[in-house]
Amino acid sequence: MAPHRLRVLISSAFSLAVLAAAIGQAPAVAEPLPYGPDTCIDGYVWRDGRPGDHVCVTPAVRDATAQQNADGAVNREPNGGEYGPNTCKQGFVWREAFGGDAVCVTPDVRDQARADNGAAESRKLANQAQPPVDPPIGPPLDPPKPPDGPPTCPQGQSLGSDGTCITKRMVITIPCLGHNLIGDEICPLWAPPPPSAWTFCPDVFNAAETLKGPGGCPKPW
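Residue numbers (the numbering used here): 343 to 563.
Okay, here's the thing in structure tokens:
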């Protein structure tokens with residue numbers, strides 16, 4: 343890859359980063375509850391045993407509650423009794439769905455009202471786990487500036503003639519016998535020459551290509 347092409351790719355990458363930061367995504371906003379904090383979860387409605395009775399119950403319980411209110415007088419002693427005009431007939435008790443609820447119902451209906459009261463908070467939509475709300479997105483941060491001048495390589499690597507970063511290894515060439523020393527690996531022909539015959543070549547790139555496996559040298563030598 344040519345150096346000018348590498349610079350073009352780096353510049354394009356920074357441009358894409360700026361564009362992505364500027365666009366972002368709109369923060370999620372929790373939808374308002376249609377009936378305020380007493381909105382019931384799906385499948386439940388307000389009991390409406392009296393105005394403001396917002397205990398969430400099944401539609402069948404709400405219908406039964408309305409019928410109990412309409413039949414209240416039928417289940418009371420016509421001449422009153424121990425509890426005054428609200429004294430229930432034998433086999434009936436006060437519903438007690440809320441304070442002052444003296445509608446006469448059977449004991450199982452009163453038990454149902456108590457159970458609904460106990461589960462009231464768990465049936466409100468406001469008390470259900472809400473999805474996390476994304477924090478507001480502020481102004482985009484300034485992207486990092488591309489380096490000035492020609493592209494650079496990480497420490498220990500050098501820029502090759504094709505614009506790519508390669509590992510640079512020092513090659514010690516022995517011209518008299520054609521031996522090469524790469525790092526601590528010697529590839530001799532017959533015998534090592536004296537050190538005075540070594541020549542240092544620090545600018546040779548991709549020297550590892552001269553080796554064929556551990557300790558081996560390419561042929562012909």
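Glycine residues also receive a C-beta, built at the ideal position from the N, C-alpha and C atoms.
From a predicted model like this one, the values you see are computed outputs, not experimental measurements.
For residue i versus residue j, is the C-beta spacing smaller than 8 Å?
i	j	result
Asp395	Arg389	yes
Asn428	Ala444	yes
Cys382	Gly414	no
Leu375	Leu467	yes
Gly391	Asn411	yes
Starting from residue i, trace the alpha helix (DSSP H) both ways and give me its first and last residue.
i	result
Gln454	Pro449 to Gly460
Val565	No information on residue 565 is available, as it lies outside the stretch 343 to 563 that the chain covers here.
State the CB to CB distance for the pair residue i and residue j, rounded to an integer number of angstroms; the pair is presumed to be in contact (CB under 8 Å).
i	j	result
Tyr386	Arg465	5 Å
Cys398	Ala471	About 17 Å separates the two Cβ atoms, so there is no contact after all.
Cys507	Gln499	4 Å
In the DSSP assignment, find the beta strand (DSSP E) that holds residue i and state where it starts and stops.
i	result
Gln499	Gln499 to Leu501
On a Cα-Cα basis, can you pick out the residue from the options that is closest to residue i?
i	options	result
Pro393	Arg404, Ile383, Asp384 and Thr400	Arg404
Arg418	Tyr377, Gly502, Lys431 and Val435	Lys431
Thr407	Thr448, Asp384 and Leu501	Thr448
Thr494	Pro485, Pro486 and Gly505	Gly505
query = Does the stretch 452-461 come close enough to the stretch 422-441 that 3 or more CB-CB pairs lie under 8 Å?
reply = yes
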